[in-house]
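Below is one structure; the comments refer to it alone.
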Amino acid sequence: MLLQEFVFGEISIERFKAEFLDKQPLLIKGANRLYEHVNMESIDDLLNANEGNIHAFTRVLIGSEDQVIHANPLFFAETQKTFIDKQFQLGATIKVEDFEFRHPLMAKICRAYEAEFGGDTYAMTFLTPPKQQGFGIHFDPVSSFITQLSGRKHWKIYPEHTSFPTKTMNRPLAGVPMPDPLIETVIEPGDLLYIPAGFPHEAMCTDSHSLHMTVGVGTHRPVELLQYALQELLEQYVELRQPVYPTAPDFKNRITLARDVLANAVSEIDVDTLISNFKIAYSANRIDAQKYGLANYAKAYQLCPDSLVRCVPHKPSYIEVHGDKLWIRASSTIRPGRPLLTAPPHIELPAIAESEVRQLLTSTVPVTVRELHGELDLASKVVLARKFSNMGLIEVVDSSLVEH
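Counting along the sequence shown from 1, when you hit position 89 you're at 89 in UniProt numbering, and nothing is skipped either side.
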C-alpha cells in the first residue's frame, strides 16, 4: 500500500486516524524511504528539464520576500536555473511546487491520500541552506505530512492555535507568545512529521542544508458539499437565479423570497444523494495522474484477447444504470480549477456490457480480456477494453502478450 510504504511505515493508518488525525502532531523516525525517489539530484533534474518555465512552479524566498525568477530569458544573460543556484548560495529557500502531477510517484501517493482522506492534495519540496529559516512561525489551513529527504532540520510544533482554520483565517504569528512546543526535534532523511491544520510551527536549518517534501491534505468541509448543493438548486429554482436591482421597489422582498426558497430547499436535500453527486462531480475535476498515458494508448491499438489489463489505480469511475443503458462517469474529464458541474460528462454503453464494465473498472489484479465474464462476445470484449484503455481507465500491464 502506497501510504504505508512511502508515508507511515510501521504506524498503521487505522492507528493514525484514531489517535492523531486532526488531534495532535506526530513524529515517526525512520518512517519511509521516499528519499530514494526524491532527492537533491531530483530537484536539479526537474528544474533543468523545465528551463524557461521554472517560474511557473518555483518560488525563491529570502525571509518572507520573493526573489522574482525572470520569465523571459531573452532579456537576461543567465538562465533561470543559474539564478536559482546563486540565490540558494545567498541563503534563499527554494520552494518547488506541483509534485502532485509533475512527479509520477508523488502523483500516485497524492491520489492515495485523496482516496484515504478525501479532498485535495498538493505536494512541494522546500530546500533551505545551512543555518537559514525558510518561513517564520505560522500555521496552515490544511494538514501537512512532511518527509525529510536530505540534510537535517530543527522543528518546533506548538499546541493548536485555531481549530480547523480556513485560508482567510490565516495570519502571521511573529511576536505572538507561544506555549512550550508539543514536539521539538531534528528530523533526518526518512523521518515523518504530521502537523494538523491550525497548529503553529517553525523550522530552522542547523549546520546542514535541508530538503523536505510537504504534502498538504485539504479534506472536504461540509460547506463545500452545501455549495455544490446550491449550484444544483440554482438550476431548479428560478427565484435564486433572477437578477435583482437595488433601486427596484421589490428589491428587499425578492431577496427575502429567495432566502425562504433556499432555506426550504436546503432542508429537503437528501444527504445520501448529495454525497453521491458531489463525489462524481468532484472526481471529474481531478488531475489526471496516469503515468504512462502515451505508451498505454499505443499498446491499446494492438490489444488482443490475451492481453493483461487492470484498472488505473486511484482513478475512480462511477457507473450508473439507466434502463437498458450504462452511464460511465470517469475522473479527470474537466480541467482542474473549473467549477463543479451538476452533470459532468459521461459515456453511454448498452447495459448488456455491465458485467465486463464493472470488472474492467474495479480489477486491481491483472486479468486477460478473454477472462472477462459476462454476455459480450470475445470481439466485443476486445473493443470495450481498447475503448477504456484509450480513455485512460485501464492499462495494459504485460506487453509480451500484445500482438505484433
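The C-beta atom is built at its ideal place from N, Cα and C for all residues, glycine as well.
>> Classify H404: buried if its beta carbon has 16 or more other beta carbons within 10 angstroms, exposed otherwise.
In response: Counting from 1 along the sequence shown, the entry for residue 404 is found at position 404. Residue placement at H404 is poorly supported in this model, since its pLDDT is 44, which falls under 50; the coordinates still yield a value, given next. Label assigned to H404: exposed.
> Applying the criterion that 16 or more other CB atoms from any shown protein chain within 10 Å of the CB defines a buried residue, is V312 buried or exposed?
Replying inline: What you label residue 312 is simply residue 312 of the sequence shown in a count that begins at 1. Looking at its Cβ environment, which holds 16 or more other Cβ atoms inside 10 Å, V312 is buried.
> Around the Cβ of H212, are there at least 16 other Cβ atoms within 10 angstroms (buried) or fewer (exposed)?
Replying inline: As a first step, residue 212 must be located in the sequence shown, where it is residue number 212. Per the 10 Å Cβ criterion, buried.
> Roughly how many whole angstroms lie between the Cα atoms of V357 and L2?
Replying inline: Taking the sequence shown and counting its residues from 1, the one referred to as residue 357 is at position 357. Taking the sequence shown and counting its residues from 1, the one referred to as residue 2 is at position 2. Approximately 26 Å, taken between the alpha carbons.
> What are the start and end residues of the beta strand (DSSP E) that includes P350?
Replying inline: What you label residue 350 is simply residue 350 of the sequence shown in a count that begins at 1. Per DSSP, P350 belongs to the beta strand (DSSP E) from 347-350.
> Measuring CB to CB, does S307 end up less than 8 Å from T368?
Replying inline: Position 307 of the sequence shown, counted from the start, is the residue given in the question as residue 307. Position 368 of the sequence shown, counted from the start, is the residue given in the question as residue 368. Their beta carbons are under 8 Å apart, which means S307 touches T368 by this criterion.
> For M106, is the classification buried or exposed, using 16 other Cβ atoms within 10 angstroms of its Cβ as the cut-off for buried?
Replying inline: By one-based count along the sequence shown, residue 106 stands at place 106. M106 comes out buried.
> In this structure, does DSSP put L340 in helix, strand or coil?
Replying inline: Start at 1 with the first residue of the sequence shown, and residue 340 comes out as number 340. In the structure shown, L340 sits in coil (DSSP, three-state: anything other than H, G, I, E or B).
>> Report the start-end ranges of each alpha helix (DSSP H) in the segment 225-273 that is 4 residues or longer and not cut off at the edges.
In response: 251-267
>> Taking its Cβ as the centre, do 16 or more other Cβ atoms sit within 10 Å of K299, making it buried, or is it exposed?
In response: Counted from its first residue, the sequence shown places residue 299 at position 299. Answer is buried; the Cβ neighbour count reaches 16.
> How long is the line joining the alpha carbons of S12 and G52, rounded to whole angstroms?
Replying inline: Residue 12 sits at position 12 when you count from the first residue of the sequence shown. Residue 52 sits at position 52 when you count from the first residue of the sequence shown. Rounded to the nearest whole angstrom, the CA to CA distance from S12 to G52 is 42 Å.
> Of all the options L74, I84, E78, which has the alpha carbon lying nearest to the alpha carbon of D66?
Replying inline: Residue mapping note: residue 66 aligns to position 66 of the sequence shown, counting from 1. Of L74, I84, E78, the residue nearest in Cα terms is I84.
> Quick one: is I109 buried, meaning 16 or more other Cβ sit within 10 Å of its Cβ, or exposed?
Replying inline: On the sequence shown, position 109 is the one that residue 109 refers to. Its Cβ being crowded by 16 or more others within 10 Å, I109 is buried.
> Quick one: Cα of P316 to Cα of A284, how far?
Replying inline: Numbered from its first residue, the sequence shown carries residue 316 at position 316. Numbered from its first residue, the sequence shown carries residue 284 at position 284. Going from the Cα of P316 to the Cα of A284 covers about 9 Å.
>> Considering just the uninterrupted stretch of the alpha helix (DSSP H) at E139, what are its terminal residues?
In response: Here residue 139 is taken as the residue at index 139 of the sequence shown, counted from 1. Rather than Glu, the amino acid found at residue 139 in this sequence is Phe. Segment: none, F139 is in no alpha helix (DSSP H) and carries neither H nor E.
> Measuring CA to CA, which of V68, G136, T162, Y122 is closest to I146?
Replying inline: Position 146 of the sequence shown, counted from the first residue, corresponds to residue 146. Checking every option, the nearest Cα to that of I146 belongs to Y122.
> In or out: M124 buried (at least 16 other Cβ within 10 Å) or exposed?
Replying inline: Here residue 124 is taken as the residue at index 124 of the sequence shown, counted from 1. When all chains shown are included, M124 counts as buried.
>> Suppose the cutoff is 8 Å on Cβ atoms and the five residues either side in sequence are ignored; what does the same chain contact list for V38 look like?
In response: Within the sequence shown, the letter at position 38 stands for residue 38. Closer than 8 Å at the Cβ level, and outside the excluded window around V38, lie F99, H103, L105, M106, T125, L149, M213.
>> Just verifying my parser: in three-state terms, what is the DSSP assignment at T368?
In response: Sequence index remark: in the sequence shown, residue 368 carries index 368 (1-based). If DSSP states are grouped into helix, strand and coil, T368 belongs with the strands.
>> Taking the alpha carbon of V365 as the reference point, which residue from S380, E395, N264 has its own alpha carbon closest?
In response: Here residue 365 corresponds to residue number 365 of the sequence shown, with the count starting at 1. Distances from the alpha-carbon of V365 to those of S380, E395, N264 put E395 closest.
> So, L274 versus A343, is the Cβ gap smaller than 8 Å?
Replying inline: Within the sequence shown, numbered from 1, the residue matching residue 274 stands at position 274. Within the sequence shown, numbered from 1, the residue matching residue 343 stands at position 343. No; because the gap between Cβ atoms is not below 8 Å, this pair is not in contact.
> Measuring CB to CB, does N48 end up less than 8 Å from K86?
Replying inline: One-based indexing of the sequence shown puts residue 48 at position 48. One-based indexing of the sequence shown puts residue 86 at position 86. Not in contact: N48 and K86 (Cβ atoms no closer than 8 Å).
> Excluding five sequence neighbours on each side, which residues of the same chain lie with their C-beta closer than 6 Å to the C-beta of I347?
Replying inline: As a first step, residue 347 is located in the sequence shown; it is residue number 347 there, counting from the start. Closer than 6 Å at Cβ, skipping near neighbours: I328.
> In three-state terms, what does DSSP make of L90?
Replying inline: Counted from its first residue, the sequence shown places residue 90 at position 90. Looking at L90 - three-state DSSP - the assignment turns out to be coil, as it is neither helix nor strand.
>> On the criterion of 16 or more Cβ atoms from any shown chain inside 10 Å, does P189 qualify as buried, or is it exposed?
In response: Indexing the sequence shown from 1 puts residue 189 at position 189. So P189 counts as buried.
>> I'd like the list of long-range same chain contacts for F164, defined as Cβ closer than 7 Å, with 5 residues on each side in sequence excluded.
In response: What you label residue 164 is simply residue 164 of the sequence shown in a count that begins at 1. Hits under 7 Å: A197, G198.
>> Once the 5 residues before and after T58 are set aside, which same chain residues still bring their CB inside 6 Å of it?
In response: Translated into the one-based positions of the sequence shown, residue 58 becomes position 58. Same-chain partners within the cutoff: V96.
>> Let me check understanding here. Comparing Cα to Cα, which of V238, H322, E232 lies closest to D270?
In response: Locating residue 270 in the sequence shown gives position 270, counting from the first residue. It is E232.
> So what's D288 in DSSP terms, helix, strand or just coil?
Replying inline: Taking the first residue of the sequence shown as 1, we reach residue 288 at position 288. Three-state result, D288: coil.
> Counting Cβ pairs, one atom from each stretch, are 3 or more of them under 8 Å apart for the segment 129-144 and the segment 165-177?
Replying inline: The segment 129-144 vs the segment 165-177: in contact.
> Which two residues bound the contiguous beta strand (DSSP E) that contains T128?
Replying inline: The residue labelled residue 128 in the question sits at position 128 within the sequence shown. That run of the beta strand (DSSP E) goes 120-128.
> When you compare each of I187, I195, V223 to S208 by their alpha carbons, which one comes out closest?
Replying inline: Position 208 of the sequence shown, counted from the start, is the residue given in the question as residue 208. Of the listed residues, the one whose Cα sits closest to S208 is I187.
> Which residues in the same chain have their Cβ closer than 8 Å to the Cβ of L46, if we skip the five residues on either side of it in sequence?
Replying inline: By 1-based counting over the sequence shown, the position of residue 46 is 46. Answer for L46: V96, R102, H103, listed in chain order.
> Around the C-beta of V223, are 16 or more other C-beta atoms found within 10 angstroms, so that it is buried, or is it exposed?
Replying inline: Numbered from its first residue, the sequence shown carries residue 223 at position 223. Under this definition V223 is an exposed residue.
> If you draw a straight line from the alpha carbon of I352 to that of A31, how long is it in whole angstroms?
Replying inline: Position 352 of the sequence shown, counting from 1, holds the residue named residue 352. Position 31 of the sequence shown, counting from 1, holds the residue named residue 31. Whole-angstrom Cα-Cα distance: 48 Å.
>> Could you pull the DSSP bridge partners for S210 from this structure?
In response: Reading the sequence shown from its first residue, position 210 is the one you call residue 210. DSSP output for S210 lists T128, G151 as bridge partner(s).
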